[in-house]
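First up is the structure itself, then whatever we jot down about it.
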Amino acid sequence: MKRIDHIGIAVHSIEKALLFYRDTLGLSLERIGEVPDEGVRVAILPIGQTRIELLEPLDEKSPLTRFLMKRGEGIHHIAFQTKNIEETAHRFEACGVGLLGKPRLGAGGARITFVHPKSAHGVLIELCQSDPPLPHEPL
Ligand code: CO
1282 MKRIDHIGIA VHSIEKALLF YRDTLGLSLE RIGEVPDEGV RVAILPIGQT RIELLEPLDE
1342 KSPLTRFLMK RGEGIHHIAF QTKNIEETAH RFEACGVGLL GKPRLGAGGA RITFVHPKSA
1402 HGVLIELCQS DPPLPHEPL
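According to the working numbering, the stretch in the sequence shown is residues 1282 to 1420, in order.
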């Protein structure tokens, strides 16, 4: 694992959440985008080599809608940047760690998959590999 890539926070409204994360905390808003495959609208707020991602459901069918109903707003997942996601996925499977799907294309062209929270003591872990590596990343 190279670093924490981002922390995903589930919110009802990105606009309302920006009043705290951008205006009070002072993070800068890089952009707001949509990831229709995951059913989310995402606001990206970089800080150092990582970023906060505010996640808002795109519609009622979004898995995030269920998360918000069950758990309310809060930390949704922590994403780790890995050097080689295929190798990491193989190693995890060999250790009996449950993955939620094979590594696949996610937001911003990164390859991603998720580790089941049962294997990670209650935390949804995202594994991601940016391809090509971001310029500020150490090799
Ligand atoms: Co994520």
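Built from N, CA and C at the ideal position, the CB exists for glycine as well. Every value quoted in this text rests on a predicted model; they were computed, and no experiment measured them.
My guess is that residue i and residue j are in contact by the Cβ rule of under 8 Å, so how many angstroms apart are they, rounded?
i	j	result
H1293	E1354	6 Å
Verify whether the separation of the beta carbon atoms of residue i and residue j is less than 8 Å.
i	j	result
I1295	L1339	no
L1290	H1371	A small fix is needed here, since residue 1290 is Ile in this sequence, not Leu. No, they are not a contact pair.
R1322	E1337	yes
Is the beta carbon of residue i within less than 7 Å of some heavy atom of the ligand CO?
i	result
G1289	yes
A1360	yes
E1334	yes
E1407	yes
Beta-carbon within less than 7 Å of residue i's beta-carbon, same chain only, minus the 5 sequence neighbours each way: which residues are those?
i	result
K1399	G1379
P1419	Residue placement at P1419 is flagged as unreliable, the pLDDT there being 48, under the threshold of 50; the coordinate-derived value follows with that caveat. Result list for P1419: empty, nothing under 7 Å.
T1369	T1363, L1408
E1367	P1384
For residue i, which residues in the same chain have their Cβ closer than 6 Å to its Cβ, ignoring the five residues on either side in sequence?
i	result
F1285	One detail in the question is off: residue 1285 reads as Ile in this sequence, not Phe. The answer, listed in chain order, is T1331.
Grab me the residues of residue i's own chain with a C-beta within less than 8 Å of its C-beta, minus the 5 sequence neighbours each way, in chain order.
i	result
E1311	I1325, L1326, P1327, R1332
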